[in-house]
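Visitor:
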Amino acid sequence: MASIDQSLGAGITSFPTTLPTENNDESCEIQSPISVKTEDTPLTPEGRRRQGFTRRSFVAAESLFHAMVTRAFSIAGADHNDYDPAAMEDTDNDDAENNGHPTEDNDDDDEYFGKRRDGPSLCRGRSACCIVSSLILLGVSVTVGVMMATHETSSWSIPPYSSSNGSCAADKYSVLSLKESSSVEGLKHGAVASDHPVCSQVGSDILQQGGNAVDAAVATVLCLGVANPASSGLGGGAFMLIHSSRENFERKDPATFPEFIDARDISLADEQGTFMTEVVDCRETAPEKSSTDMYRELPNTASAIGPLAIAVPGELRGMELAHARHGKLPWKDVVEPARELAQNGIPVGEHLASDIKGVVTKFPKYGDFPALQRHLTHSGSSETYLKEGELLKNPSLAETLRQVAEQGADALYTGANAEKIVQEIQDAGGILTIRDMGGYKATLRSPVHADVSGFTVVGVPPPSSGGAVVIGAARFLAGYKTPLAATADSLSMHRIVEAMRHAFSIRMSLSDPLYNTGVNNDAVADLTAGDYMESLRRITKDNSTLGLSQYGGEKWAQLNDDDTMKEAQDAHEGDRRRDLLRQRRLARPFGYLDDSGTSHLSVVDKDGNAVAVTSSINGIFGSWIFSEATGVLLGNTMDDFGVPGRSNFYGLKPSEANFILPGKKPLSSMSPTMVFRRQEGKYAAETMGWGDLVLTLGGSGGPKIITAVLQVLLNVCFLGMPLFEAMARPRVHDQLVYHDAVVTGTEKDVLEQGPTLAVSQRTKGSLIQRGHSLLDIDYTGCVQAVSVDLDTKTLSAVSDIRKGGSPAGY
């Protein structure tokens, strides 16, 4: 992003704009599975629909082919990533002893983007097997693709993934193609970055059909609920940050809007300008029959798994409100892609396959949920669970979505479908009622925002903590006289960790503003405005950590220095520890795929409309209560409330501000964020117009969302990195206290190919010297982002390599 580099001037650290690859033959051009439209070809609406379906069919066929190749190589006794033709000719294996990692005396920049050569080539001694297997698998996958593309029931055209040179086919798994498959640059008309390639393509198709960013976002959210049901869906909630042309809104009749709660700041809601920026809050709410002490006499798993973990879902109400206020296409057109995918099936991706395998094989309690078991297996038996590349169908959800397309969200929240969901929950022992479902309304809020180092950072307010906490940590770091780009990496990382700790300490006082208005307002104000973050910076030391009671300052600190993991929280602590150990064992096979139950997507269209939306069912497969009548998997968002005496699934200590009350929304870490180029002499709210948007992003991963979004924002806006490099850089995570331990998570190197994600030994050693206790972690959140080059007005979209999504655009 040249314009950002120019604005920061001297002192910016330089990073490579392309990653090294073993094959440097310029004639070997690797084609991305992303569709990049180079010419504006007029199409009829029906033509665009058919083009979109064929495109998605081949993207799905490519996913199936990838899965089949992986399985074939596994049967042959090797990993598909070992297939590296360049390694067959490269005998100078300098990095062999370090498994591709640079040595400790290497520059940190090299360590971030070092090339990887993993083991011997599979095709040494097995070339005939590889060739025959590949030809067979290719034929099968192409046949499947053609069948899907020509299916008679389809109403909705992109060539399949290919390379311009047949000899380069194996480069799909090279370092360069990892960047190619997870990023796309130079787009002029629109971009979508999401957790799933098919869903990104759904969003891009909606844009090409004449829809805007809100249309594309709604269609992509609904698609993700079908493609990644372990992460999000109609049984969960969401936060949507919308930057939309006033023209989109002013041509609407407010009388047609669904009912909603208006909690906007009037001074911002009435701002004048070409664009308006607002937040749709469709976070789940506690049922009317819930109470603060409802889990006191129950096992520690009751808030996380089973019927009592279910809150009132809100996602669909929020999507309907956003579309009604800002969408262009008919509602049925944005619902239809998800309905067709649910009806016809979608290949199980690597991420979902890992989630299914982990739950089915690692959790004995899984057998207590037969409806979910039937949904995730071929015959209801754990031995027949769905694997990567196999089709996942959900005809019940397809029927529900058909009704939603015709009747709107009422088709889920009232009438027969609501009655079916409530009956299934109550039969399992839950407390959700028809009154809870019918009474849910989405809330419209004003965003939180602040000026940070020449940019305006905009986020979502409580009950999401993400916006204020990201802004607070960024403001803390922006106050140092020596910018991050000019400091040694180890000192910068220490400062970043300290910023996280202060911000997470203040986070403990945030909650649903309807129930805690005064404290919320004060905490948000100290994070986003005034000089409170400066006062915290003054007490922070560059050569050591602080005592636990000092983080957040005297005003906001809630923890004592003796709040350690040795503290027994309640009589069920032993049970909780065993649950956590099981979860850690579950996380190991997940590797970089573990992000719990959340999805994020970012969209920017040709007119400058932008959306960042994070949707979640909270934990992996939520509550594990699957409504067979409607195809809806219910979330376990009650676990996001504070429960007296217990840390939650994510290791966050409880706070009284976030205790359960009927109708209350639990505090969230979801962090849809936008960054604008601030104009000198104007207030933040006045600069939110097209020409100023720089970055749209958000992530998944519980509280790691906040720290991941923060670090990507710093990398782009403070260090001037291109978006892919900013997201591929190793990360740390610190939420102040993790399961009663004061520990900093440092990312491990878990990718089998591509840029190393591991935090350097030099940086880790420096953190230890400053008093940090470190814990190597597999996963540090997953970010989806779209950036804007203000000079050329072109878009770049990147899906985090940690989860395997792919962006799309044209």
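When we follow the UniProt record's numbering, the leftmost residue of the sequence shown carries the number 1, and every step to the right adds one.
For every residue, glycine included, the Cβ atom is placed at its ideal position computed from N, Cα and C.
Should residue 246 be labelled buried (16 or more other beta-carbon atoms within 10 Å of its own) or exposed?
Guide: That one is exposed.
Visitor: Could you check where the beta strand (DSSP E) with residue 777 kicks off and where it finishes?
Guide: Here the beta strand (DSSP E) through residue 777 covers 774–777.
Visitor: Between residue 777 and residue 746, which are expected to be in contact by the criterion C-beta below 8 Å, what is the C-beta distance as a whole number of angstroms?
Guide: The pair is a contact, with the Cβ atoms about 7 Å apart (cut-off 8 Å).
Visitor: Closer than 7 Å by C-beta to residue 339: which residues in its own chain qualify, once you throw out the five before and the five after it? Chain order, please.
Guide: Excluding sequence neighbours, residue 339 sits near 398, 401, 402, 405.
Visitor: With distance defined between alpha-carbon atoms, name the residue in 627, 806, 222 nearest to residue 333.
Guide: Checking every option, the nearest Cα to that of residue 333 belongs to 222.
Visitor: Please list, in chain order, all residues of the same chain as residue 704 whose beta carbon is under 6 Å from its beta carbon, the five residues on each side excluded.
Guide: Same-chain partners within the cutoff: 733, 780, 781.
Visitor: Between the alpha carbons of residue 317 and residue 224, how many angstroms are there, rounded?
Guide: Roughly 16 Å separates the two Cα atoms.
Visitor: If you run the structure through DSSP and keep just helix, strand and coil, what is residue 301?
Guide: Residue 301 falls in the helix class under three-state DSSP.
Visitor: From residue 234 to residue 490, what distance separates their C-alpha atoms?
Guide: Residue 234 and residue 490: Cα-Cα distance of roughly 43 Å.
Visitor: Hey, would you say residue 620 sits closer than 7 Å to residue 635, going by beta carbons?
Guide: No, Cβ-Cβ distance for residue 620 and residue 635 is not below 7 Å.
Visitor: What is the residue span of the alpha helix (DSSP H) that residue 247 lies within?
Guide: Unbroken alpha helix (DSSP H) run through residue 247: 246–250.
Visitor: Give the single residue among 719, 783, 390, 625 whose Cα lies nearest to the Cα of residue 365.
Guide: Out of 719, 783, 390, 625, 625 has the C-alpha closest to the C-alpha of residue 365.
Visitor: Who pairs with residue 391 in a beta bridge, going by DSSP?
Guide: DSSP lists 347 as partners of residue 391.
Visitor: Alpha carbon to alpha carbon, how far is residue 740 from residue 642?
Guide: If you take the alpha carbons of residue 740 and residue 642, they lie about 14 Å apart.
Visitor: Does the distance from the C-beta atom of residue 431 to that of residue 385 stay below 7 Å?
Guide: No, the Cβ-Cβ distance between residue 431 and residue 385 is not below 7 Å.
Visitor: Expressed to the nearest angstrom, what Euclidean distance is found between the alpha-carbon atoms of residue 180 and residue 296?
Guide: Whole-angstrom Cα-Cα distance: 51 Å.
Visitor: Give, in chain order, every unbroken run of the beta strand (DSSP E) that is at least 3 residues long and sits entirely within the region 433–518.
Guide: Those beta strand (DSSP E) runs which fall completely within the region 433–518 and span 3+ residues are 442–445, 448–452, 455–459.
Visitor: If we count the other Cβ atoms within 10 Å of its Cβ and call it buried at 16 or more, is residue 791 buried or exposed?
Guide: Classification of residue 791: exposed, given that the 10 Å Cβ count is below 16.
Visitor: For residue 766, which residues of its own chain have a beta-carbon under 6 Å away from its beta-carbon, when the five flanking residues on both sides are left out?
Guide: Cβ within range, chain order: 490.
Visitor: Count the other CB atoms, across all protein chains shown, that sit within 10 Å of the CB of residue 665; report buried if there are 16 or more and exposed otherwise.
Guide: Classification for residue 665: buried.
Visitor: From this set, 514, 498, 519, 499, which residue's C-alpha is nearest residue 508's C-alpha?
Guide: It is 519.
Visitor: So, does the region 182–191 touch the region 200–216, judging by three or more C-beta pairs under 8 Å?
Guide: Taking 8 Å as the limit for Cβ pairs, the verdict is that the region 200–216 does touch the region 182–191.
Visitor: The alpha helix (DSSP H) with residue 282 in it runs from where to where?
Guide: First-last for residue 282: 275–282, but that is the beta strand (DSSP E), not the alpha helix (DSSP H).
Visitor: Mind checking who residue 633 pairs with in its DSSP beta bridge?
Guide: According to DSSP, residue 633 bridges with 626.
Visitor: For the candidate residues 737, 796, 695, whose alpha-carbon lies nearest to that of residue 772?
Guide: Among 737, 796, 695, the Cα nearest to that of residue 772 is on 737.
Visitor: Using only the alpha-carbon positions, how far apart do residue 422 and residue 416 sit?
Guide: Rounded to whole angstroms, residue 422 to residue 416 spans 10 Å at the Cα level.
Visitor: Starting from residue 841, trace the alpha helix (DSSP H) in both directions and tell me its first and last residue.
Guide: No statement about residue 841 is possible, as the shown extent of the chain runs from 1 to 810 and does not include it.
Visitor: Exposed or buried, which one is residue 255 when buried takes at least 16 other CB atoms within 10 Å?
Guide: It is exposed - the Cβ of residue 255 has fewer than 16 other Cβ atoms within 10 Å.
Visitor: Quick one, are the C-beta atoms of residue 196 and residue 805 less than 7 Å apart?
Guide: Against a cut-off of 7 Å, the Cβ pair of residue 805 and residue 196 comes out as a contact.
Visitor: Are residue 394 and residue 353 touching if we call contact CB-CB under 7 Å?
Guide: In this structure, residue 353 does not lie closer than 7 Å to residue 394 by Cβ.
Visitor: For residue 727, does the three-state DSSP call read helix, strand or coil?
Guide: Residue 727 falls in the helix class under three-state DSSP.
Visitor: On a CA-only basis, which of 602, 543, 448, 715 is nearest residue 799? Give me that one, please.
Guide: That would be 602, whose Cα lies nearest to the Cα of residue 799.
Visitor: Nearest CA to the CA of residue 761: which residue from 551, 277, 201, 730?
Guide: Per the Cα distances, 730.
Visitor: Considering only residues of the same chain and omitting the five flanking positions on each side of residue 553, which have a CB-CB separation below 6 Å?
Guide: Within the same chain, residue 553 has close Cβ partners 536.
Visitor: Exposed or buried, which one is residue 252 when buried takes at least 16 other CB atoms within 10 Å?
Guide: Classification for residue 252: exposed.
Visitor: Taking the DSSP output, what are the residues bridged to residue 542?
Guide: Residue 542 pairs with nothing; no bridge assigned.
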